[in-house]
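In what follows, a single structure is set out as structure tokens and then discussed.
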Amino acid sequence: MGGIPLRIRRKVWLRQFFLQGCWNYEGMQNVGFAYSILPALRDRYENRPEDLSRALKRHVEFFNTHPAMASVILGAAVRLEERVAAGEADPRAVGTFKVGLMGSLGAIGDSYFWGSLKPMASAAGAILAFVHPLLGIAALLLLYNWSHLAIRFRGFAAGMGGEESAVRFLREAGFAERTENRKMIAAILGGAYAGWVASHAAHLFGGAWMELGIFLVAATAVHLFTVLFRKAVSPSEVLLLLLLVGTLILWR
Amino acid sequence: MTAMEWRFLLATALGGAIYLDRTAAFQLMLHRPLVVASLMGAIFGNFAAGAQVGAVLELLYIARLPVGASIPPDDTGAAVFGGAAAAVASSSIGLDPGSFVAILLLSVLCAEFGKYADRFVRRMNGRIAHLTVEWMDRGDSQAVEHGLRAGVTLFAVFGMALTILFSGLGISAARHLLTRFGPESHFQFAALLPALPLLGAASIFSCSRTDRTAPVFYLTMGCVFAATFFFRWLG
Numbered sequence: 001m002g003g004i005p006l007r008i009r010r011k012v013w014l015r016q017f018f019l020q021g022c023w024n025y026e027g028m029q030n031v032g033f034a035y036s037i038l039p040a041l042r043d044r045y046e047n048r049p050e051d052l053s054r055a056l057k058r059h060v061e062f063f064n065t066h067p068a069m070a071s072v073i074l075g076a077a078v079r080l081e082e083r084v085a086a087g088e089a090d091p092r093a094v095g096t097f098k099v100g101l102m103g104s105l106g107a108i109g110d111s112y113f114w115g116s117l118k119p120m121a122s123a124a125g126a127i128l129a130f131v132h133p134l135l136g137i138a139a140l141l142l143l144y145n146w147s148h149l150a151i152r153f154r155g156f157a158a159g160m161g162g163e164e165s166a167v168r169f170l171r172e173a174g175f176a177e178r179t180e181n182r183k184m185i186a187a188i189l190g191g192a193y194a195g196w197v198a199s200h201a202a203h204l205f206g207g208a209w210m211e212l213g214i215f216l217v218a219a220t221a222v223h224l225f226t227v228l229f230r231k232a233v234s235p236s237e238v239l240l241l242l243l244l245v246g247t248l249i250l251w252r
Numbered sequence: 253m254t255a256m257e258w259r260f261l262l263a264t265a266l267g268g269a270i271y272l273d274r275t276a277a278f279q280l281m282l283h284r285p286l287v288v289a290s291l292m293g294a295i296f297g298n299f300a301a302g303a304q305v306g307a308v309l310e311l312l313y314i315a316r317l318p319v320g321a322s323i324p325p326d327d328t329g330a331a332v333f334g335g336a337a338a339a340v341a342s343s344s345i346g347l348d349p350g351s352f353v354a355i356l357l358l359s360v361l362c363a364e365f366g367k368y369a370d371r372f373v374r375r376m377n378g379r380i381a382h383l384t385v386e387w388m389d390r391g392d393s394q395a396v397e398h399g400l401r402a403g404v405t406l407f408a409v410f411g412m413a414l415t416i417l418f419s420g421l422g423i424s425a426a427r428h429l430l431t432r433f434g435p436e437s438h439f440q441f442a443a444l445l446p447a448l449p450l451l452g453a454a455s456i457f458s459c460s461r462t463d464r465t466a467p468v469f470y471l472t473m474g475c476v477f478a479a480t481f482f483f484r485w486l487g
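Right, here's the structure in full:
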């Protein structure tokens, strides 16, 4: 039996975008993962329904990682299933590999995608939207998806090369450095945004000392809000408080 | 069908797609407030007003990350409300600073409601997943595909329902409530205007804050402030 055909690999790659299609509190991404890998399993276990059923059951176990980073695990799981079907590997190795990698990839993905790439793209989009809304939208989508789609593609290809290739990809991709760089860009964009807002507010009052005072108030406000967010206060709670302040105190 | 009914129909169809992008499929950031509020603004008559609200909303909720099983506030729902309200308000009473702030603050109610709706969908998905595994145990390998389609459909249907609800609320708020938040009303929400973008900047900062980035953030803030001050002084 030869390797998994390109058309099947393409199908699996496309199906990874539905990893969270049936996200639930018990198995989390389990149904999505089984759905993604199904074409590869069907190809390997053609005319062997019982083996197919057993293989599929391995993938409805609990699974949760960052959706974009799942491409690496998915590719490697396809490769492992290929070896299991050929009798070259123990079926238990599939579950062990998935469980071993999903936690660390989840942490890397959350930190990189949600903690640095998304804030950077959002800040760039929000700032450029003041120039033209379409420019802001384009910046947001391009900055995020350029990296997002590349990792989905390259991660899957690396996973298909086997477990060692997947681990090599994760080492060479330099996620720690990338995260740090994007956080720096996000901080610069965020600082520029805050400075522009403070300057805009200060201009309404006029007078050099007054403007300096407004700047200090703005910097203190940003610091205070940041401390609140770091202490797990939700933005919704701050906004609800402002709504209450607006309704009660500003009543004239 | 009236023009408004067509607009609702279009918003509902788009709502299904953007809510799918939020969790169930793709995650291409089409569900971000900047995109959603601009789209809703375009559908309900004022693209620029929607984008104006979306640009501020974009940053407000970024501090809450969808890590593990935690569900952040539904900023997509807030943007549906905000975009529709801003478009209608700007065409009927004009989007004054008071109304602008009021839209942003009222949208938090949609964000919180959307979060609970999201939790409910995920609980229902648990039942679907359970049935999927049951059918698989009986040897039906197609159960996985049926289960996933059911989950995606549930997300899409709830997304459409939330879009109808939030855009409807946005339009009602713009027509009946926002007139109270304008410059001639008793509520002077405009005074809170600078606080919201600063909250957004703090949201970015709290995500990106490290020992290296903290001084850079404040230094950039100071430099941009000084530069704008200098250029204004030059005239």
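Protein chains in written order, with the numbering used here: chain A, 1 to 252; chain B, 253 to 487. Glycine included, C-beta positions come from ideal geometry on N, C-alpha and C. Treat the numbers as computed from the prediction; the structure is a model and nothing was measured.
Element boundaries [alpha helix (DSSP H), containing residue i]
i	result
Arg-236(B)	Outside the displayed range of chain B (253 to 487) lies residue 236(B), so it cannot be described from this structure.
Ile-249(A)	No alpha helix (DSSP H) contains Ile-249(A), which DSSP labels as neither H nor E.
Val-308(B)	299 to 312
His-203(A)	175 to 205
Asn-47(A)	Run containing Asn-47(A): none; DSSP gives neither H nor E here.
Gly-487(B)	Gly-487(B) -> no alpha helix (DSSP H), and no H or E assigned at all.
Val-167(A)	163 to 172
Ile-4(A)	Neither: Ile-4(A) is in no alpha helix (DSSP H) and is coded neither H nor E.
Trp-146(A)	133 to 160
Val-99(A)	92 to 109
Of the residues the options, the one placed nearest residue i, counting alpha carbons only
i	options	result
Ala-70(A)	Val-233(A), Glu-180(A) and Gly-155(A)	Gly-155(A)
Val-288(B)	Met-256(B), Pro-324(B) and Ala-338(B)	Ala-338(B)
Phe-441(B)	Val-94(A), Leu-242(A), Val-233(A) and Leu-228(A)	Leu-242(A)
Phe-278(B)	Asp-110(A), Asn-30(A) and Gln-20(A)	Gln-20(A)
Pro-325(B)	Ile-314(B), Gly-335(B), Phe-333(B) and Gly-334(B)	Ile-314(B)
Arg-54(A)	Ala-369(B), Ser-458(B), Ile-423(B) and Val-385(B)	Val-385(B)
Met-281(B)	Glu-172(A), Leu-141(A) and Glu-50(A)	Leu-141(A)
Arg-36(A)	Arg-15(A), Val-245(A) and Val-197(A)	Looking at the sequence shown, residue 36(A) is not Arg but Ser. Checking every option, the nearest Cα to that of Ser-36(A) belongs to Arg-15(A).
Lys-57(A)	Leu-357(B), Arg-401(B) and His-382(B)	His-382(B)
Ala-408(B)	Thr-264(B), Thr-254(B) and Glu-257(B)	Thr-264(B)
Ala-76(A)	Lys-118(A), Arg-42(A), Phe-33(A) and Asn-47(A)	Phe-33(A)
Ala-276(B)	Val-373(B), Leu-261(B), Val-396(B) and Leu-429(B)	Val-373(B)
Pro-5(A)	Glu-26(A), Leu-41(A), Gln-29(A) and Gly-27(A)	Leu-41(A)
Gly-320(B)	Ala-192(A), Glu-46(A) and Tyr-25(A)	Tyr-25(A)
Arg-9(A)	Leu-38(A), Gly-27(A) and Val-31(A)	Leu-38(A)
Ile-108(A)	Asp-51(A), Ala-218(A) and Ile-151(A)	Ile-151(A)
Arg-44(A)	Val-72(A), His-223(A) and Glu-81(A)	Glu-81(A)
Ile-73(A)	Lys-183(A), Phe-225(A), Glu-163(A) and Gly-191(A)	Glu-163(A)
Val-396(B)	Ile-249(A), Glu-61(A) and Arg-48(A)	Glu-61(A)
Ile-127(A)	Trp-196(A), Phe-205(A), Val-222(A) and Glu-46(A)	Trp-196(A)
Sheet register partners of residue i (DSSP bridge)
i	result
Met-28(A)	Asn-24(A) and Phe-63(A)
DSSP state of residue i mapped onto helix, strand, coil
i	result
Pro-324(B)	coil
Gly-329(B)	helix
Pro-119(A)	helix
Ile-127(A)	helix
Met-412(B)	helix
Val-287(B)	helix
Val-233(A)	coil
Leu-80(A)	helix
Glu-397(B)	helix
Cross-chain neighbours of residue i in chain A, by beta carbon under 7 angstroms
i	result
Arg-316(B)	Ser-234 and Pro-235
Ala-300(B)	Pro-133
Gly-399(B)	Cys-22 and Val-31
Tyr-313(B)	Pro-235
Thr-472(B)	Ile-188, Gly-191, Ala-192 and Gly-195
Gly-267(B)	Those do not exist, as Gly-267(B) stays about 17 angstroms from chain A at its closest Cβ, beyond 7 angstroms.
Ser-220(B)	The requested residue 220(B) is not part of the displayed model; chain B covers only 253 to 487.
Contact list for residue i against chain B, beta-carbon separation under 8 angstroms
i	result
Arg-230(A)	Ser-458 and Arg-461
Tyr-35(A)	Val-396, Glu-397, Gly-399 and Leu-400
Asn-145(A)	Leu-280 and Met-281
Ser-71(A)	Here the premise fails: no neighbours, minimum Cβ distance about 12 angstroms.
Gly-95(A)	Those within 8 angstroms of Gly-95(A) in chain B number zero; the least Cβ separation is about 15 angstroms.
Interface residues of chain A facing residue i [CB-CB closer than 9 angstroms]
i	result
Phe-352(B)	Ordered by position in chain A, no residue passes the 9 angstroms Cβ test against Phe-352(B), which lies about 12 angstroms from the chain.
Met-388(B)	Ala-34, Ser-53, Leu-56, Lys-57 and Val-60
Under 7 angstroms by beta carbon: chain B residues contacting residue i
i	result
Phe-130(A)	Ala-307
Met-184(A)	Arg-464, Thr-465 and Val-468
Asn-30(A)	Ala-381
Phe-215(A)	Phe-477
Phe-27(A)	The sequence given here has Gly at residue 27(A), not Phe. Ordered by position in chain B, the residues that pass the 7 angstroms Cβ test against Gly-27(A) are Ala-381.
Leu-242(A)	Leu-357, Leu-444 and Ala-447
Ile-137(A)	Leu-286, Val-287 and Ser-290
Val-222(A)	Leu-450, Ala-453, Ala-454 and Phe-457
Chain-ordered neighbours of residue i on chain B, where CB pairs are closer than 9 angstroms
i	result
Lys-98(A)	In chain order: nothing, as chain B lies at least about 16 angstroms away.
Asp-43(A)	Within chain B, no residue comes near Asp-43(A); the closest Cβ sits about 13 angstroms away, beyond 9 angstroms.
Phe-110(A)	Sequence check: residue 110(A) is Asp here, not Phe. Under the 9 angstroms cutoff, chain B gives Leu-317, Pro-318, Val-319 and Gly-320.
Chain-ordered chain A contacts of residue i [CB-CB under 8 angstroms]
i	result
Met-292(B)	Result: empty, since nearest Cβ-Cβ is about 12 angstroms, beyond 8 angstroms.
Leu-347(B)	Per Cβ cutoff of 8 angstroms: no residues; Leu-347(B) is ~14 angstroms from chain A at best.
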